[in-house]
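Numbering (our numbering), first residue to last: 98 to 426. From the three backbone atoms N, C-alpha and C, an ideal C-beta is built for every residue, glycine too. Here's the structure, in structure tokens; my notes come after.
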């Protein structure tokens, strides 16, 4: 795999984080923001330790991350299916399971084509997609601010800080790709971590602080407050932003799944060098299979525990047995 810049890596991972934020279910509050940012701070310290001491080198570590990437890829598909009631995806709701499989199949085909072009092509496209998505998000949520009820900011929280902290880990599954792909980054890996987590904090604050005033008052009766806030905005007189947001939403979903497929395929190649053909196809099938098992469940606690365990085991291993040749460049 070719090397990429820290900004390209950040763009790929931020698209995944943005998609997870869009699919956030349940009520949100300032405690949600505090919990997610606190979780990001802990993740940054762990990632910084990882970049300083080494990388993923053992078969056990690679297998651990492969299983996690398959699981997280499944949660992405499951999230896409769960949001079908809030964002209309043709045929999905009407055809039930077959509609979901059709949607997954179409996305899988795009992911397979994208992953076959290599990490450099995907990372460059991710920068463009992230910039276009950012522009749409700024227009969308910027308009939503004018329709906001700022009293919603001070609404009492529904969930505890501990729950929101765990939700911060659950919504950060893209970190699995960070741990695997950080060895492909040109220059300082610590700097790459700083760029990514700084942008992640800014993205989280911007999305939640604009969604909360708009949909915070109806958070108890809406399933997806961030999507609802986007749908309530009216930036143009003649046309709603819903269709534009749908394009951004689906594009981010495709990129998010593509990154997981590409990263897992890379690990599969290193674990089984003789498995040369159909690696990406095999990974995609396994991810869709995981999605079918997960379907309809948000699994906040399991997702948070899985990511925390993978990160902690990897960091402890690299600190105990540092790899000088793979240390921060």
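Legend entry - C-beta contact flag for residue 305 and residue 172 at 8 Å: no
Legend entry - Stretch-stretch touch, CB-based, cutoff 8 Å, three pairs: the segment 125–140 with the segment 343–362: no
Legend entry - For residue 153, three-class secondary structure by DSSP: coil
Legend entry - Residue from 112, 274, 293, 342 with nearest C-alpha to residue 164: 274
Inset, instruction - Report the partner residues of residue 224 according to the DSSP bridge assignment. - result: Note: residue 224 sits in no beta bridge, so no partner.
Legend entry - Cβ-based burial, residue 301 [other Cβ within 10 Å; buried from 16]: buried
Legend entry - CA-to-CA distance, residue 119 to residue 288, given in whole angstroms: 27 Å
Legend entry - Residue span of the alpha helix (DSSP H) that contains residue 103, given as start and end: 103–119
Legend entry - Residues of its chain near residue 160, where Cβ-Cβ distance is below 7 Å and the 5 sequence neighbours each way are ignored: 368
Legend entry - Cβ-Cβ separation, residue 365 to residue 376 (assumed contact under 8 Å), whole Å: 5 Å
Legend entry - Residues near residue 258 by beta carbon distance below 6 Å, same chain, minus five either side: 128, 132
Inset, instruction - Check whether the Cβ atoms of residue 272 and residue 404 sit closer than 8 Å, and answer yes or no. - result: yes
Inset, instruction - Out of 309, 117, 363, state which residue places its alpha-carbon closest to the alpha-carbon of residue 213. - result: 363
Legend entry - residue 282 beta carbon less than 8 Å from that of residue 106: yes
Inset, instruction - Under the assumption that residue 121 contacts residue 322 (Cβ atoms under 8 Å), give the Cβ distance between them as a whole number of angstroms. - result: 7 Å
Inset, instruction - Provide the residue span of the alpha helix (DSSP H) that contains residue 417, from first to last. - result: 397–417
Inset, instruction - State buried or exposed for residue 415, treating a residue as buried only when at least 16 other CB atoms are found within 10 Å of its CB. - result: buried
Inset, instruction - Measure from the alpha carbon of residue 295 to the alpha carbon of each residue in 145, 307, 101, 100, then state which is nearest. - result: 145
Legend entry - residue 409 classed as buried or exposed, judged by whether at least 16 other C-beta atoms fall within 10 angstroms: exposed
Inset, instruction - Would you mind giving the Cβ-Cβ distance between residue 231 and residue 378, rounded to the nearest angstrom? I have them listed as a contact below 8 Å. - result: The pair is not a contact, with the Cβ atoms about 32 Å apart (cut-off 8 Å).
Legend entry - Extent of the continuous alpha helix (DSSP H) to which residue 324 belongs: 322–329
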